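Number of protein chains: 2
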Amino acid sequence: MMFTTKTEYGLKAMTALAKNGKNNNPLSLTEISKKEHISQSYLEHLFVKLKANDLVKSIKGVSGGYKLSRSPKEINIFEIVEALEGPLAVFYCMAGENGKVACSVNGCLTKKVWDELQKNIIKTLRKFTLANLV
Amino acid sequence: MMFTTKTEYGLKAMTALAKNGKNNNPLSLTEISKKEHISQSYLEHLFVKLKANDLVKSIKGVSGGYKLSRSPKEINIFEIVEALEGPLAVFYCMAGENGKVACSVNGCLTKKVWDELQKNIIKTLRKFTLANLV
DNA sequence: AAATAACCAACTAACTTACTAGGAGTTTAT
DNA sequence: ATAAACTCCTAGTAAGTTAGTTGGTTATTT
């Protein structure tokens with residue numbers, strides 16, 4: 000029951016982008032890798048996911064790199080975590096589409112626990128934005 | 000970011016014990032295994048942990064088995080989850096002793112997120128007791 | 001004594017995590 | 001034009017975890 004290094008490294012990289020947001024130049028993975036001491040090739044995997052979830056924009060070629068798609072205030076931690084770790088499901092029975100309950104056993108009382116727990120987690124993670132971490 | 004089948008099977012087994020609590024006879028792993036369709040040898044591993052955390056008592060020999068150490072009202076879900084999955088830590092920096100923050104980087108802003116998240120999870124899981132699941 | 005139970009240790013297949021390797025395509029400075 | 005500096009893409013892999021199985025030993029009741 001732990002978030003992985005994907006979240007750890009992803010958040011570090013995203014805060015680096017947020018800090019870099021003042022000047023209009025994109026930040027390359029090479030630079031992020033050096034600054035945050037994360038393997039560049041591993042960062043690549045993470046940025047594929049971040050881009051697919053429209054959290055960052057890429058600029059190819061020389062002096063290219065990545066920029067945030069929106070301002071740090073408009074990006075919450077849950078978005079980043081879910082982009083990197085995949086859809087949140089605290090339990091097997093919660094792994095349905097769009098966070099809906101997948102299992103449909105009537106009268107299952109434990110489902111209430113997981114449902115409330117999952118909603119709380121999402122609410123907490125949505126409360127914080129990238130701007131709060133800079 | 001999921002609880003494993005340890006929690007799934009463990010909760011099923013514990014509710015089975017709770018239901019059995021009316022009569023004074025212990026419930027054997029063989030019976031739990033049949034009722035809940037869980038491998039008996041896997042159940043053994045789980046009950047080692049449940050007993051070590053003083054959630055169940057064992058009675059050896061013929062017509063032996065397991066009983067709850069306390070009444071279902073006095074056993075909350077967090078206790079069971081932590082007994083089976085180990086100490087809760089949503090993040091590496093939270094994996095200190097007794098839920099204390101392990102990492103001591105000053106001014107780390109993400110720590111605030113994990114700290115609040117973890118407290119919320121524990122609070123939610125403590126709110127529900129085994130009696131709520133029967 | 002025999003049956004039934006908990007208890008214990010070691011092993012294993014499948015899966016996930018956290019990477020690395022090697023390249024293909026794109027853009028820009030020279 | 002071309003080389004460098006980038007992103008982008010696919011595949012593989014070592015280490016660790018999960019979800020078990022196998023084969024026994026010890027304790028208690030009938």
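Going down the list, the sequences are from chains A and B. Numbering that gives the first Met the number 0 applies: residue 0 is where the first sequence begins, and numbers increase by one. Numbering that gives the first Met the number 0 applies: residue 0 is where the second sequence begins, and numbers increase by one. Here a beta-carbon is modelled for each residue, glycine too, at the ideal position from N, C-alpha and C. These figures come from a predicted structure and were not determined experimentally.
Going by DSSP, which residues form a beta bridge with residue i?
i: Leu67(B); result: Val55(B)
i: Thr128(A); result: Asn75(A)
Would you call residue i buried or exposed, if buried means 16 or more other Cβ atoms sit within 10 Å of its Cβ?
i: Leu108(A); result: exposed
i: Lys118(B); result: exposed
i: Asn105(A); result: exposed
i: Gly60(B); result: exposed
i: Glu78(B); result: buried
i: Ser103(A); result: exposed
i: Ile76(B); result: buried
i: Lys21(A); result: exposed
i: Thr136(A); result: Absent from the structure is residue 136(A), since the part of chain A shown begins at 0 and ends at 133.
i: Glu43(A); result: exposed
i: Lys33(B); result: exposed
i: Lys111(A); result: exposed
i: Tyr8(A); result: buried
i: Lys122(B); result: exposed
i: Val89(A); result: buried
i: Ile58(B); result: exposed
i: Thr29(B); result: exposed
i: Lys72(B); result: exposed
i: Val47(A); result: exposed
Please check if any C-beta of chain B sits within less than 8 Å of the C-beta of residue i.
i: Val112(A); result: yes
i: Phe90(A); result: yes
i: Ile120(A); result: yes
i: Glu73(A); result: no
i: Phe127(A); result: yes
i: Ile31(A); result: no
i: Leu135(A); result: Here chain A comprises residues numbered 0 to 133, so residue 135(A) is not present and cannot be evaluated.
i: Glu7(A); result: yes
i: Ile37(A); result: no
i: Asn131(A); result: yes
i: Leu10(A); result: yes
How is residue i classed by DSSP in three states: helix, strand or coil?
i: Leu28(B); result: helix
i: Leu108(B); result: coil
i: Val203(A); result: Nothing about residue 203(A) can be read from this structure; chain A reaches only from 0 to 133.
i: Ile37(B); result: coil
i: Val80(B); result: helix
i: Ala15(B); result: helix
i: Cys92(A); result: helix
i: Thr3(A); result: coil
i: Leu87(A); result: coil
i: Gly20(B); result: coil
i: Gly60(B); result: coil
Strictly under 8 Å for the Cβ-Cβ distance: is residue i near chain A by that measure?
i: Met0(B); result: yes
i: Glu115(B); result: yes
i: Glu84(B); result: yes
i: Ile76(B); result: yes
i: Leu108(B); result: yes
i: Leu87(B); result: yes
Three or more C-beta pairs below 8 Å linking the segment 24-33 of chain B and the segment 65-82 of chain B: yes
Contact the segment 29-43 of chain B vs the segment 79-90 of chain B: 3+ CB pairs below 8 Å: no
Inter-stretch contact at 8 Å, needing at least 3 Cβ pairs: the segment 3-22 of chain B / the segment 113-131 of chain A: no
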